[in-house]
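When we follow my numbering, the leftmost residue of the sequence shown carries the number 25, and every step to the right adds one. Cβ coordinates follow ideal geometry from the N, Cα and C atoms, glycine included.
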Amino acid sequence: MNITRRAAAKTFLATVGGGVIFGRNRPASAAESRNAPEENIKTQVCVIGGGSGGTGAALAAARAGAKVVLLERESILGGTGTCAWVCVWRPVMGANGIPRNIYMAMKEDPLGASGTDYALSGMAGRAKDGKWLPTKPSLVYEPRAFDYAAREMLEATGQCQTLLATTFCRARVENDTIKAVEAWFAGKRLVIKADVFIDCTADGDVCADAGCEYHMGEDPQSLYNEPSAPEQAEMSLNAMTLCYRITDTGVPQKPYLPKGVKSGSCPLGACYDKMPNGDVVVNAVSMIKGNAVLCMEYSRLMREAQRRVHAHFHAIQTQTSGKTQWNTWTISGIAPRIGVRETRRILGDYVLTENDCRAGLAKQSHKDVIAIADHAIDLHGHRGRFYRLDGPYGIPYRCLLPKGVRNLMIASRAASFSHIAASSCRLQRTMMTLGQAAGNAAALAIKHHVDPRRIDVAELQVRLQSQGVDITALASHS
Ligand SMILES: Cc1cc2nc3c(=O)[nH]c(=O)nc-3n(C[C@H](O)[C@H](O)[C@H](O)COP(=O)(O)OP(=O)(O)OC[C@H]3O[C@@H](n4cnc5c(N)ncnc54)[C@H](O)[C@@H]3O)c2cc1C
Numbered sequence: 025m026n027i028t029r030r031a032a033a034k035t036f037l038a039t040v041g042g043g044v045i046f047g048r049n050r051p052a053s054a055a056e057s058r059n060a061p062e063e064n065i066k067t068q069v070c071v072i073g074g075g076s077g078g079t080g081a082a083l084a085a086a087r088a089g090a091k092v093v094l095l096e097r098e099s100i101l102g103g104t105g106t107c108a109w110v111c112v113w114r115p116v117m118g119a120n121g122i123p124r125n126i127y128m129a130m131k132e133d134p135l136g137a138s139g140t141d142y143a144l145s146g147m148a149g150r151a152k153d154g155k156w157l158p159t160k161p162s163l164v165y166e167p168r169a170f171d172y173a174a175r176e177m178l179e180a181t182g183q184c185q186t187l188l189a190t191t192f193c194r195a196r197v198e199n200d201t202i203k204a205v206e207a208w209f210a211g212k213r214l215v216i217k218a219d220v221f222i223d224c225t226a227d228g229d230v231c232a233d234a235g236c237e238y239h240m241g242e243d244p245q246s247l248y249n250e251p252s253a254p255e256q257a258e259m260s261l262n263a264m265t266l267c268y269r270i271t272d273t274g275v276p277q278k279p280y281l282p283k284g285v286k287s288g289s290c291p292l293g294a295c296y297d298k299m300p301n302g303d304v305v306v307n308a309v310s311m312i313k314g315n316a317v318l319c320m321e322y323s324r325l326m327r328e329a330q331r332r333v334h335a336h337f338h339a340i341q342t343q344t345s346g347k348t349q350w351n352t353w354t355i356s357g358i359a360p361r362i363g364v365r366e367t368r369r370i371l372g373d374y375v376l377t378e379n380d381c382r383a384g385l386a387k388q389s390h391k392d393v394i395a396i397a398d399h400a401i402d403l404h405g406h407r408g409r410f411y412r413l414d415g416p417y418g419i420p421y422r423c424l425l426p427k428g429v430r431n432l433m434i435a436s437r438a439a440s441f442s443h444i445a446a447s448s449c450r451l452q453r454t455m456m457t458l459g460q461a462a463g464n465a466a467a468l469a470i471k472h473h474v475d476p477r478r479i480d481v482a483e484l485q486v487r488l489q490s491q492g493v494d495i496t497a498l499a500s501h502s
C-alpha cells in the first residue's frame with residue numbers, strides 16, 4: 025500500500041502500539057517544554073541533518089555568503105556514511121563539486137581516503153556493443169576523515185554555526201511557512217528562526233512534521249507509469265544493514281560465534297571494501313528486512329543486527345567451500361548505527377521516476393536539472409532488482425521543493441523520488457550534490473528576497489557549473 029502521512033501513523037500505531045519510530049524523536053511533553061531553558065537563534069538558512077545532503081547544503085549556502093545554522097543529532101558529520109560505516113562512494117557521474125572538494129581534503133590525511141584517481145570513479149559504467157563496461161574504483165574513506173574535512177571546510181567559510189548533538193523535534197508552521205524549528209541539546213531547548221529551512225534528516229522528519237505529504241514502500245504502476253513497478257502498491261522497504269569492519273591479524277583465528285547465534289543466519293551476499301589502513305568494511309546487503317524499521321524498537325533491531333554480523337562473519341570464515349581467505353581475519357568493529365536505505369519519500373513539485381532514469385538526459389525534457397546520476401536501479405526489497413542504466417539522467421530542481429510549505433527544501437534520500445528512482449539516486453555523492461544545489465538555491469532566494477520556488481533556476485545552474493557540478497554530462501562523457 026502506498027502510505028500517506030495519516031495512514032502511516034495508523035500503521036505505526038497498529039504495529040508497535042505507539043513505540044519508537046526510527047529517526048523520529050519523541051516530542052517533549054508540555055510540562056518539560058515549559059520548564060526547559062530556551063535559547064533563540066536567528067539565521068538565514070537552517071539545515072537540519074548533517075549527513076551527505078546536509079553537509080553539501082550547509083557548505084554551499086555558507087560559501088555563497090548566507091548565514092547558516094547546521095543541526096546534527098550525532099557528534100560527527102557524515103550521517104549514514106560515517107555513523108553507519110557506509111564509508112564507500114560507488115562510482116557515479118556528476119559528483120565533481122563538493123564531494124570532490126571533500127575527497128581532496130580527506131586525501132591530505134595519510135589514512136583518510138583510498139582510491140587512486142577521483143576521475144576514475146566518476147561514472148557507474150557504460151554499455152558498449154551490448155556489453156557493460158564497468159568503471160572503477162569505489163572510493164573508500166575513514167569516517168573520522170570525512171567529519172574532520174567537512175568541519176574544517178565549514179569553519180573556513182566563517183558563516184556556519186554547526187550544532188552537534190542537537191536533535192530537531194518540531195517545526196513551528198504558520199500559513200504554509202516554517203517560522204522556526206525547535207531542537208534539544210543537553211536539556212536546553214533551542215528555537216532557530218530562519219528564512220529558509222533545508223530538511224536533510226534522511227527520514228524527511230522536518231517535512232513530515234510540517235505537514236507535507238509523503239509516501240513509503242513500493243508505488244503502484246498506476247501512479248507513475250513505471251515499467252518495473254508492481255500492479256498494487258506494497259509496503260516493502262529496502263533492506264537494512266549493520267556494517268562491520270574486519271582486520272587481518274596475520275595469524276590463523278579460531279572462528280568465533282557468540283552463544284545462541286547460528287552461523288549463516290544472515291544472507292551471505294556482501295560487499296567487501298578495503299579501507300585506507302587495510303581493514304575491510306563489510307556490507308551484508310540484505311541483513312535485515314527494511315520493514316523491520318517500522319515495527320521493531322530500535323534497540324531490539326540493533327541487537328538482532330549485531331547477532332547477524334557474527335553469524336555472517338562466522339559463515340564466510342567457515343563456509344566458503346574450502347577457501348581460507350578470511351581465516352586470519354577477525355571482527356574489529358561494528359558500526360554504532362544501522363544503515364537504513366529507505367523510509368519516507370516526500371512529495372515535491374516533481375517526482376523523479378524510473379522513466380527519468382531509463383530515458384536519460386538526452387530524452388528528458390526538464391529545464392531545471394541541477395544534478396545528474398547514473399547508478400543502477402538497485403532495489404534490496406523483498407523483490408530485489410538491479411538494472412544498469414545506459415547513461416546519466418538529470419534530477420530536476422523541483423524534486424527538492426516539498427509541496428505545501430513555501431520556505432522549505434529537502435536534500436536527502438527522502439526527496440521527491442519514486443521508490444524505484446530513489447534506489448538509483450540515493451548514493452552519498454548524489455545526495456551531497458543535491459545538497460549543494462539546495463544550499464546555493466537558498467542563498468539565491470535570500471539574495472533576491474524570494475521563496476526558493478521563485479528563484480531563477482538558470483542562475484542556479486550557472487552557479488553550480490562554476491562550482492564544478494556536472495549537469496550536462498559533457499565533462500564526464502568525454
Ligand atoms: C547499508 C547501506 C549501504 C549503502 N551503500 C552505499 C554505497 O556503497 N555508496 C553510496 O554512495 N551510498 C550507499 N548507500 C546510500 C547512502 O549511504 C545513503 O542513501 C545516503 O548516505 C543518504 O544521505 P542523506 O544525506 O539523505 O542521509 P544521511 O547521510 O543519513 O544523513 C542524515 C543526517 O540527519 C541526521 N538527523 C536525522 N534526524 C535528525 C534530527 N531529528 N535532528 C538532527 N539530526 C537528525 C542524522 O543523524 C544524519 O546525520 C548505502 C546505504 C546503506 C544504508
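Which residues mark the beginning and the end of the alpha helix (DSSP H) in which C381 is found? 378-387
With distance defined between alpha-carbon atoms, name the residue in L266, T352, V493 nearest to V333. L266
Just list the alpha helix (DSSP H) runs in the stretch 320-345, keeping only unbroken ones of 4 residues or longer that don't cross its boundaries, in chain order. 322-342
Range covered by the alpha helix (DSSP H) that runs through M311: Per DSSP, M311 belongs to no alpha helix (DSSP H) and is neither H nor E.
Taking 7 Å as the cut-off, is the C-beta of V305 nearer than that to any heavy atom in ligand 1? no
Given the structure, does C267 come close to ligand 1, in the sense that its CB is under 7 Å from one of the ligand's heavy atoms? yes
Nearer than 7 Å: is that true of the beta carbon of Q460 relative to any heavy atom of ligand 1? no
Compare the beta carbon distance of M320 and I362 with 8 Å and say whether it is the shorter of the two. no
Do G314 and L247 have their C-beta atoms closer together than 8 Å? no
Between which two residues does the beta strand (DSSP E) harbouring S260 extend? S260 -> no beta strand (DSSP E), and no H or E assigned at all.
Is the beta carbon of C290 within less than 7 Å of some heavy atom of ligand 1? no
Let me know the secondary structure DSSP gives A397 once reduced to three states. strand
Reduced DSSP category for K131 - H, G, I as helix; E, B as strand; rest coil: helix
For C295, which three-state DSSP category applies? strand
G284 versus A335, N249, Q256, G492, residue with shortest Cα-Cα distance: A335
With distances taken from CA atoms, which of G103, A88, R478 is nearest L453? According to the sequence as given, residue 453 is Arg; it is not Leu. Among G103, A88, R478, the Cα nearest to that of R453 is on G103.
Please state whether the Cβ-Cβ distance between A81 and I216 is less than 8 Å. no
Skipping 5 residues on each side, what residues in its chain have a beta carbon closer than 6 Å to that of P244? Q256, A257
Closer than 7 Å by C-beta to T106: which residues in its own chain qualify, once you throw out the five before and the five after it? Chain order, please. I100, P167, F170, D171
What are the residues that DSSP puts in a beta bridge with Y238? I370
Is W350 near ligand 1 - that is, is its Cβ less than 7 Å away from at least one heavy atom of it? no
For M433 and G372, the rounded distance between their alpha carbons: 9 Å
Taking its Cβ as the centre, do 16 or more other Cβ atoms sit within 10 Å of D141, making it buried, or is it exposed? exposed
So is M299 buried or exposed if we call it buried at 16+ other beta carbons inside 10 Å? buried
Please state whether DSSP places T106 in a helix, a strand or coil. helix
Run of the alpha helix (DSSP H) containing R87, from where it starts to where it stops: 76-87
Cβ-heavy atom distance between I72 and ligand 1 below 7 Å? yes
Work out the CA separation of R114 and N379 for me, nearest whole Å. 22 Å
Under DSSP, the alpha helix (DSSP H) around D171 begins and ends at which residues? 167-181
Determine the burial state of L484: buried for a count of at least 16 other Cβ atoms within 10 Å of its Cβ, exposed for fewer. buried
Around the Cβ of R409, are there at least 16 other Cβ atoms within 10 angstroms (buried) or fewer (exposed)? exposed
Any idea which residues DSSP pairs W208 with across the strands? T191, R213
Alpha-carbon to alpha-carbon, T367 and I45: Bear in mind that the predicted position of I45 carries a pLDDT of just 30, short of 50, making it unreliable; the figure below should be weighed with that in mind. Rounded to the nearest angstrom, the two C-alpha atoms are 11 Å apart.
Compute the distance between the beta-carbons of L94 and V71, then report whether it is under 8 Å. yes
Please indicate yes or no: does the CB of T104 lie closer than 7 Å to some heavy atom of ligand 1? yes
Cβ shell of L187 (< 8 Å), same chain only, five flanking positions each side left out: V93, L94, L95, E96, A207, F209, L214
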